[in-house]
Amino acid sequence: MLKLPIYLDYSATTPIDPRVADKMIPYLVEKFGNPASRSHAFGWEAEAAVEEARVEVAKLVNADPKEIVWTSGATESNNLALKGAAQFYAGKGKHLVTVKTEHKAVLDTCRELERLGFEVSYLDVKDNGLLDLEVFKAALRPDTILVSVMLVNNEIGVIQPIAEIGEICRAKGIVLHVDAAQATGKVVIDLATLKVDLMSFSAHKTYGPKGIGALYVRRKPRIRLTAQMHGGGHERGFRSGTLATHQIVGMGEAFRLARLEMGAENERIRMLRDRLFKGLSDIEEVYVNGDMEQRVPHNLNVSFAYVEGESLLMAVKDLAVSSGSACTSASLEPSYVLRALGREDELAHSSIRFTLGRFTTEEEVDYAIRLLHDKIGRLRELSPLWEMVQEGIDLSTVQWAAH
Amino acid sequence: MAYSVKVLDHYENPRNVGSFGKEEEGVATGMVGAPACGDVMKLQIKVGRGGVIEDAKFKTYGCGSAIASSSLVTEWVKGKTVEQALDIKNTQIAEELALPPVKIHCSILAEDAIKAAVADYKKKHVDQAAG
Amino acid sequence: MFTPVYLDHNATTPVDPVVLDAMLPYLSSQHGNASSRHEYGRAARRAVDEARSKVAAALGAHASEVVFTSGGSEANNLLIKGVAACLKPGLLAVSAIEHPCVIRPAEQLRKRGWTLQKLAVDANGRIDGANFQAVMAEQPRIVSVMLANNETGVIQDVESLAAQASAAGAWFHTDAVQAVGKMAVDFRRLNAAGVHALSLSAHKIGGPKGVAALVVDKRLDIEPLIAGGGHERGLRSGTENVAAIVGFGVACELAAARRLANGERLLALRRRVERGLRALGATLFGQAAERLPNTVCFAFPELDGETLVGQLDRDGYAVASGAACSSANPEPSHVLQAMGVAPELARGAVRVSLGFVNTDAEIDGFLVTLQATVLRLHQLTAMAV
Numbered sequence: 035m036l037k038l039p040i041y042l043d044y045s046a047t048t049p050i051d052p053r054v055a056d057k058m059i060p061y062l063v064e065k066f067g068n069p070a071s072r073s074h075a076f077g078w079e080a081e082a083a084v085e086e087a088r089v090e091v092a093k094l095v096n097a098d099p100k101e102i103v104w105t106s107g108a109t110e111s112n113n114l115a116l117k118g119a120a121q122f123y124a125g126k127g128k129h130l131v132t133v134k135t136e137h138k139a140v141l142d143t144c145r146e147l148e149r150l151g152f153e154v155s156y157l158d159v160k161d162n163g164l165l166d167l168e169v170f171k172a173a174l175r176p177d178t179i180l181v182s183v184m185l186v187n188n189e190i191g192v193i194q195p196i197a198e199i200g201e202i203c204r205a206k207g208i209v210l211h212v213d214a215a216q217a218t219g220k221v222v223i224d225l226a227t228l229k230v231d232l233m234s235f236s237a238h239k240t241y242g243p244k245g246i247g248a249l250y251v252r253r254k255p256r257i258r259l260t261a262q263m264h265g266g267g268h269e270r271g272f273r274s275g276t277l278a279t280h281q282i283v284g285m286g287e288a289f290r291l292a293r294l295e296m297g298a299e300n301e302r303i304r305m306l307r308d309r310l311f312k313g314l315s316d317i318e319e320v321y322v323n324g325d326m327e328q329r330v331p332h333n334l335n336v337s338f339a340y341v342e343g344e345s346l347l348m349a350v351k352d353l354a355v356s357s358g359s360a361c362t363s364a365s366l367e368p369s370y371v372l373r374a375l376g377r378e379d380e381l382a383h384s385s386i387r388f389t390l391g392r393f394t395t396e397e398e399v400d401y402a403i404r405l406l407h408d409k410i411g412r413l414r415e416l417s418p419l420w421e422m423v424q425e426g427i428d429l430s431t432v433q434w435a436a437h
Numbered sequence: 003m004a005y006s007v008k009v010l011d012h013y014e015n016p017r018n019v020g021s022f023g024k025e026e027e028g029v030a031t032g033m034v035g036a037p038a039c040g041d042v043m044k045l046q047i048k049v050g051r052g053g054v055i056e057d058a059k060f061k062t063y064g065c066g067s068a069i070a071s072s073s074l075v076t077e078w079v080k081g082k083t084v085e086q087a088l089d090i091k092n093t094q095i096a097e098e099l100a101l102p103p104v105k106i107h108c109s110i111l112a113e114d115a116i117k118a119a120v121a122d123y124k125k126k127h128v129d130q131a132a133g
Numbered sequence: 208m209f210t211p212v213y214l215d216h217n218a219t220t221p222v223d224p225v226v227l228d229a230m231l232p233y234l235s236s237q238h239g240n241a242s243s244r245h246e247y248g249r250a251a252r253r254a255v256d257e258a259r260s261k262v263a264a265a266l267g268a269h270a271s272e273v274v275f276t277s278g279g280s281e282a283n284n285l286l287i288k289g290v291a292a293c294l295k296p297g298l299l300a301v302s303a304i305e306h307p308c309v310i311r312p313a314e315q316l317r318k319r320g321w322t323l324q325k326l327a328v329d330a331n332g333r334i335d336g337a338n339f340q341a342v343m344a345e346q347p348r349i350v351s352v353m354l355a356n357n358e359t360g361v362i363q364d365v366e367s368l369a370a371q372a373s374a375a376g377a378w379f380h381t382d383a384v385q386a387v388g389k390m391a392v393d394f395r396r397l398n399a400a401g402v403h404a405l406s407l408s409a410h411k412i413g414g415p416k417g418v419a420a421l422v423v424d425k426r427l428d429i430e431p432l433i434a435g436g437g438h439e440r441g442l443r444s445g446t447e448n449v450a451a452i453v454g455f456g457v458a459c460e461l462a463a464a465r466r467l468a469n470g471e472r473l474l475a476l477r478r479r480v481e482r483g484l485r486a487l488g489a490t491l492f493g494q495a496a497e498r499l500p501n502t503v504c505f506a507f508p509e510l511d512g513e514t515l516v517g518q519l520d521r522d523g524y525a526v527a528s529g530a531a532c533s534s535a536n537p538e539p540s541h542v543l544q545a546m547g548v549a550p551e552l553a554r555g556a557v558r559v560s561l562g563f564v565n566t567d568a569e570i571d572g573f574l575v576t577l578q579a580t581v582l583r584l585h586q587l588t589a590m591a592v
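Chains A, B and C are the protein sequences, given in the same order. Per the working numbering, the very first residue in the first sequence carries number 35; after that it's consecutive. Per the working numbering, the very first residue in the second sequence carries number 3; after that it's consecutive. Per the working numbering, the very first residue in the third sequence carries number 208; after that it's consecutive.
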């Protein structure tokens with residue numbers, strides 16, 4: 035029996051894996067100590083759990099636990115990484131480089147740094163969503179101190195060439211930050227070989243709880259940051275504030291499970307995603323957004339021509355999907371990520387992001403395929419644009435009575 | 003976005019979807035909006051003797067409220083003379099469908115579609131009379 | 208199984224079973240992102256909205272005045288740095304006994320051209336009126352004085368202080384993290400007196416760690432600390448921690464409903480502790496001041512606090528030597544130093560902070576153990592001499 039709506043929005047957030055929740059709950063109740071309490075067993079027990087979780091987070095990305103700083107989530111990690119590094123290294127230069135398809139947490143932080151006197155280059159991507167390394171190299175300047183490029187894009191799932199970008203940055207002594215919120219458990223991350231200096235993580239995109247994330251801060255060569263949250267000096271001064279033990283324990287367990295299971299899980303998800311793609315590709319005028327090769331197996335972002343976005347979302351209300359990133363879709367403004375792919379020229383396309391995950395079933399995918407066939411057909415039957423195209427009219431030649 | 007029961011009804015069961023043959027007797031077409039704005043409405047009326055609208059059909063590219071507004075209008079114009087049809091105001095449409103402020107433009111577009119269809123009818127009618 | 212008696216409720220509290228029950232669905236099937244438009248997202252949004260209303264109701268505030276953060280430290284950082292970022296640099300005054308998450312951000316502002324004045328307290332830990340007036344005469348732009356102190360439990364007359372500060376043209380903030388749930392905290396009333404912002408935290412009142420709030424008068428301009436997505440009216444970006452926020456809402460509701468009964472019960476327990484401590488010859492800090500009904504801070508001359516709490520822990524009683532956050536710091540408490548307590552005595556400081564789950568029997572057991580421990584440590588000290 036299918037539960038509706040079918041959840042196909044794993045990039046917005048994932049359910050907490052029940053195994054993760056089971057590990058968290060004792061830390062809300064009987065093991066409730068404050069990890070900073072040094073004077074009694076309640077505190078030590080909590081501290082031990084926090085450190086165990088730190089080891090698990092480090093293991094997933096092959097880092098040293100001492101390089102992991104807890105934060106309240108990837109948004110805070112991105113803020114801490116960018117502001118912290120920019121402010122610390124401001125003496126060396128004031129130029130930053132990032133990409134137009136980054137998450138708002140990076141872009142908005144860059145805007146803030148611009149107001150504080152930094153200069154930021156926002157690079158275009160190729161029409162497959164990937165960064166052109168030649169464009170990237172050309173953007174670097176002698177006063178470039180920091181680069182921020184995401185590993186996996188939240189909307190189109192493409193994987194940026196971080197290894198190559200890391201080599202380029204390291205050779206020039208530029209700090210590289212990578213937002214990996216959408217990457218953990220989906221792609222192998224080996225920080226022992228990747229020349230990445232700062233990396234942001236989130237628990238709730240990898241079957242852990244909301245409200246917890248981490249920032250990897252490289253020790254060799256040592257990367258320094260100006261703290262953004264001051265107080266009791268937690269997290270070696272990088273980030274003050276009482277540690278939320280249960281959430282940290284949840285992130286640790288979620289990342290442990292990801293490490294153990296991602297190989298098999300990704301193959302299963304890839305099979306489902308390919309099934310979905312195949313099922314939708316016999317609808318006329320359907321286009322995939324973003325590169326299909328350099329892409330995580332969880333993501334399928336497609337545009338349907340001559341169908342309006344809001345009515346499409348209404349039509350597929352039995353599917354919990356996104357028409358942009360979760361942070362911006364409430365406004366239904368056209369996705370800036372798709373716009374960066376050059377999709378703005380193509381009028382009257384609507385895109386849906388399908389993101390599959392651990393609990394997605396074949397039955398759910400098949401239901402989604404049937405539903406879309408039915409609804410796209412119905413909306414096109416309603417669409418005067420579709421009718422005109424069928425009659426052979428080129429819509430770009432029409433004089434629209436704009437209002 | 004919370005839709006009213008009436009919007010949902012028209013969206014789920016749109017009335018009078020389709021097109022008339024362009025050369026059919028008494029058919030006039032109003033096409034308003036633009037893809038770039040997110041809505042295009044095509045309203046067709048079939049006007050009989052005495053200027054009475056006997057039938058109407060629509061196609062709409064747009065949100066649920068735009069589809070509902072145009073569907074509603076096809077029901078309202080039927081049986082009215084073209085002059086009476088021009089009396090339909092967007093405020094009546096918005097009120098009937100309980101459109102929220104951000105969706106008022108859908109009702110305006112529907113009113114514009116009526117005007118455009120009637121104008122097309124009059125143009126053809128005059129042309130016919132002249133011919 | 209041996210379970211120690213927990214007497215450190217100012218550090219953190221266990222999650223109330225009622226709170227846990229409310230949270231559990233949001234740790235399992237109700238997993239939506241509150242920014243998503245589909246049903247999972249809308250359900251999460253409704254839960255966040257409802258929790259916001261509960262937090263507001265418990266404090267007599269309006270829901271739109273509540274900004275959720277990841278903790279009390281973030282709420283205080285947001286207020287101090289965020290308000291300062293919207294003002295021309297000038298004078299900033301915070302009490303000398305504030306939590307480090309107020310003092311440290313205030314110190315940071317010196318780098319941006321601000322002058323920091325620490326407000327003095329008297330021997331009982333209350334704001335020194337004459338000093339306060341003198342500082343207000345210099346027209347500070349921001350003033351922050353905590354409602355109740357985490358170490359001593361001493362309560363400030365915030366209404367009167369805020370009135371003076373507001374009259375001097377300052378924005379006034381109070382850290383109410385320790386006060387909420389243990390005394391009446393009414394934001395409307397405080398706001399009328401001149402308080403423009405107030406911080407509170409869930410895990411001090413039977414809610415989960417990882418969530419807190421800043422309650423803000425909307426006339427106060429604040430620059431966000433965390434950018435990216437524009438959540439919380441643009442004041443705090445980041446995916447809402449739905450489960451914790453739901454727990455926070457229920458914890459506030461319970462705290463408000465139980466406050467009077469809990470307050471009386473805590474006060475009776477505290478008096479029982481204090482009677483015992485006096486009989487043992489302890490020095491009690493802030494004795495003459497109005498204090499939270501659950502907090503006792505004391506020291507035995509010539510006994511090291513760390514040693515004492517370590518021994519008490521082994522004997523099954525969890526208490527604190529100074530605030531949890533700065534326990535790693537061997538420096539004597541800045542709060543007691545500000546009260547003029549001699550460093551030798553301050554090093555002996557122990558804090559007992561009670562919860563309504565504590566019993567008379569636990570207190571009596573604690574006092575018996577304490578007496579034995581003090582006696583033994585005195586003998587050890589005597590032998591060492």
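No residue lacks a Cβ here, since even glycine has one placed at the ideal position from N, Cα and C.
Beta strand (DSSP E) runs wholly inside the segment 341–402 of chain C, at least 3 long, in chain order: 349–351 and 378–382
List the residues of chain A whose Cβ lies closer than 7 angstroms to the Cβ of C:Leu407, in chain order. Simply none; closest approach about 13 angstroms.
Does chain C have any CB closer than 9 angstroms to the CB of A:Gly125? no
Mapping DSSP to helix, strand and coil, what is A:His129? strand
Give the secondary structure of A:Phe170 by DSSP, where H, G and I count as helix, E and B as strand, and everything else as coil. helix
Enumerate, from N- to C-terminal direction, the unbroken beta strand (DSSP E) stretches of 3 or more residues contained entirely within the segment 257–325 of chain C. 273–276 and 298–302
Classify A:Gln194: buried if its beta carbon has 16 or more other beta carbons within 10 angstroms, exposed otherwise. buried
For B:Ser21, return the contacting residues in chain A, with the cut-off set at a CB-CB distance below 7 angstroms. Glu421
Give me the residue from C:Glu538, C:Glu272, C:Glu481 and C:Ser367 with the minimum Cα distance to C:Asp428. C:Glu272
Exposure label - A:Phe393; buried when at least 16 CB within 10 Å: exposed
Around the C-beta of B:Asn92, are 16 or more other C-beta atoms found within 10 angstroms, so that it is buried, or is it exposed? buried
For the segment 277–291 of chain A, which residues have a beta carbon sitting closer than 8 angstroms to at least one beta carbon of chain C? Leu277, Ala278, Thr279, His280 and Gln281
Sequence-distant residues of the same chain with beta carbon closer than 6 angstroms to C:Arg252, five excluded per side: Ala241
Residues that A:His383 bridges to, as DSSP identifies them: A:Ala339
Determine whether the Cβ of A:Tyr321 lies closer than 9 angstroms to any Cβ atom of chain B. no
Cβ of A:Val63 less than 9 angstroms from any chain C Cβ? yes
Simplified DSSP assignment, three categories, for A:Trp434: coil
Is C:Leu584 a contact residue of the ligand PLP, with contact defined as CB to any heavy atom under 8 angstroms? The model on display carries no ligand, and the ligand PLP is accordingly not part of it.
Let me know the alpha helix (DSSP H) ranges lying completely inside the segment 417–487 of chain C, each 4 residues or longer, listed in chain order. 449–486
So if I threshold CB-CB distances at 9 angstroms, which residues from the segment 300–312 of chain C count as touching chain A? His306, Pro307, Cys308, Val309, Ile310, Arg311 and Pro312
Just the chain A side, please: which residues come within less than 8 angstroms of B:Thr93 by C-beta, in chain order? Going along chain A, no residue has its Cβ under 8 angstroms from B:Thr93, so there is no contact; the nearest lies around 17 angstroms.
Among residues of its own chain, excluding the 5 on either side of A:Glu398, which ones have a beta-carbon nearer than 7 angstroms to its beta-carbon? Leu36 and Ile40
Do C:Ile334 and C:His541 come within 9 angstroms of each other at the CB atom, strictly closer than that value? no
Complete runs of the beta strand (DSSP E) confined to the segment 138–165 of chain A [at least 3 residues]: 153–157
Proximal residues of chain A, C-beta to C-beta of C:Leu227 below 7 angstroms: Leu62 and Val63
Examine chain A for any beta-carbon lying closer than 9 angstroms to the beta-carbon of C:Pro224, and answer yes or no. yes
Between which two residues does the beta strand (DSSP E) carrying B:Ile47 extend? Asp41 to Val49
Selection of the segment 262–280 of chain C by Cβ proximity to chain A, strictly under 9 angstroms: Thr276, Ser277, Gly278, Gly279 and Ser280
Of the residues A:Asn187, A:Ala115, A:Val169 and A:Gln262, the one placed nearest A:Tyr370, counting alpha carbons only: A:Asn187
Could you tell me the distance, in whole angstroms, from the CA atom of A:Arg270 to the CA atom of C:Arg472? 39 angstroms
If you reduce the DSSP assignment to three classes, tell me which class A:Ser357 lands in. coil
Minimum C-alpha distance to C:Arg426 - residue among C:Asp256, C:Ser408 and C:Asn398: C:Asn398
Between which two residues does the beta strand (DSSP E) carrying A:Met35 extend? Unbroken run through A:Met35: none, as it is neither H nor E.
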